[in-house]
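The structure under discussion appears below in the form of structure tokens.
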Amino acid sequence: MNEAELMDALEGLDLPALGTSVTQVAKFCVEKDVAPAHLGEAALVVACGARSAAALAEFERRYAAEFVGALSRFRLDRAAIDEISQRVREKLFVGDASSPPRILNYAGRGALVSFLRAVIVRTAIDVRRHEKLEPAPTDDAEPLLRVAQATDDPELENIRARYAAPFRDAIRDAVRSLDADERNALRLHVTEGLTLDEVARIYGVHRATAARWIQSARDQILLRTKRLLSERLRLSPPEFDSLVRLCRSRLELTFSGADAAP
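Last residue of the sequence shown: 387 (my numbering), numbering continuous.
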């Protein structure tokens with residue numbers, strides 16, 4: 126989009142209603158190389174960065190529900206959700222001489238809601254890591270178990286039915302034994318459908334680091350599940366081999382589905 130096309134597109138937006146102008150938004154869009162599909166979101170960002178009351182109200186109207194939605198994955202109580210939400214808003218809208226409002230970091234190449242979710246999740250991870258904020262009791266393995274326990278193989282289905290509880294307990298314990306970063310990265314990738322690039326941005330690490338965490342988590346879950354089953358069950362060699370095959374096949378299916386996410 127050339128400058129003339131950009132100005133024409135911005136003229137079609139009701140920028141005064143947001144408390145900003147074509148000139149201000151155009152400057153931001155040129156600097157960020159904002160995609161044409163996200164000009165409206167860029168306009169809201171510019172106005173919110175300037176702390177326009179109208180823009181902040183519009184932001185709340187559009188995105189307030191995203192805070193609870195993004196934080197629900199951490200199983201926090203209402204007070205913790207409110208506290209983290211307030212910190213996110215401070216990051217987004219309050220700047221100083223050395224650090225402008227974080228919302229102005231929006232690059233304009235994807236949906237603003239995706240940028241917002243990344244900031245929310247990153248803030249929650251930081252708070253939990255540094256303040257030892259404990260989540261409400263939950264079952265981190267449940268999303269994996271829902272997929273891992275389904276099979277169309279009659280032999281494996283028979284094994285699964287006979288040892289459903291030990292199988293479930295072994296996977297759950299294997300997931301819970303993971304390092305916190307590995308466990309959370311795996312959950313974001315597998316159950317939330319985030320790409321490796323998105324997980325990396327949330328943690329502020331290189332994509333290769335996020336990929337390494339997730340692969341390590343996969344390997345450890347399989348190995349620890351096999352070890353726990355071996356320790357807890359008295360199976361004949363053929364039965365144990367079948368149970369291990371079930372474990373491997375279903376977990377690999379779960380993870381391959383995550384890898385196929387866009």
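Backbone N, C-alpha and C fix where the C-beta goes; we use that ideal spot for every residue, glycine too.
On a predicted model such as this, the values are computed, not experimentally measured, just so you know.
For residue i, the first and last residue of its enclosing alpha helix (DSSP H)
i           : result
residue 132 : 128–136
residue 347 : 332–357
residue 219 : From DSSP, residue 219 is part of no alpha helix (DSSP H); its letter is neither H nor E.
residue 328 : 321–328
residue 314 : 305–315
residue 301 : 289–301
residue 389 : Outside the shown range of the chain (126 to 387) lies residue 389, about which nothing can therefore be said.
Distance, residue j Cα to residue i Cα
i           : j           : result
residue 159 : residue 230 : 12 angstroms
residue 362 : residue 356 : 13 angstroms
residue 220 : residue 149 : 18 angstroms
residue 359 : residue 291 : 11 angstroms
residue 261 : residue 218 : In this prediction, residue 261 has a pLDDT of 45, which is less than 50 and means its spatial position is unreliable; nothing more can be read from the coordinates.
residue 298 : residue 326 : 28 angstroms
residue 247 : residue 328 : 6 angstroms
residue 179 : residue 142 : 7 angstroms
residue 226 : residue 171 : 10 angstroms
residue 163 : residue 205 : 32 angstroms
Status (buried if at least 16 other CB within 10 Å, exposed otherwise) for residue i
i           : result
residue 271 : Because the pLDDT at residue 271 is just 47, under 50, the model does not fix this residue reliably, and the value given afterwards should be weighed accordingly. Flag for residue 271 reads exposed.
residue 277 : Here the model assigns residue 277 a pLDDT of 48, short of 50, so the residue's position is not dependable, and the following value carries that caveat. Classification of residue 277: exposed, given that the 10 Å Cβ count is below 16.
residue 331 : exposed
residue 215 : exposed
residue 144 : buried
Residues near residue i by beta carbon distance below 6 angstroms, same chain, minus five either side
i           : result
residue 324 : 310, 313, 314 and 335
Close-in-space but distant-in-sequence residues of the same chain around residue i (CB under 7 angstroms, 5 per side omitted)
i           : result
residue 307 : 338, 341 and 342
residue 176 : 218
residue 132 : 147 and 151
Contacting residues, own chain, Cβ-Cβ under 8 angstroms from residue i (five flanking each side not counted)
i           : result
residue 212 : 248 and 252
What are the uninterrupted segments assigned as alpha helix (DSSP H) that are 4 or more residues long and contained completely in the region 176–212, given in chain order? Qualifying alpha helix (DSSP H) stretches, in chain order: 178–196.
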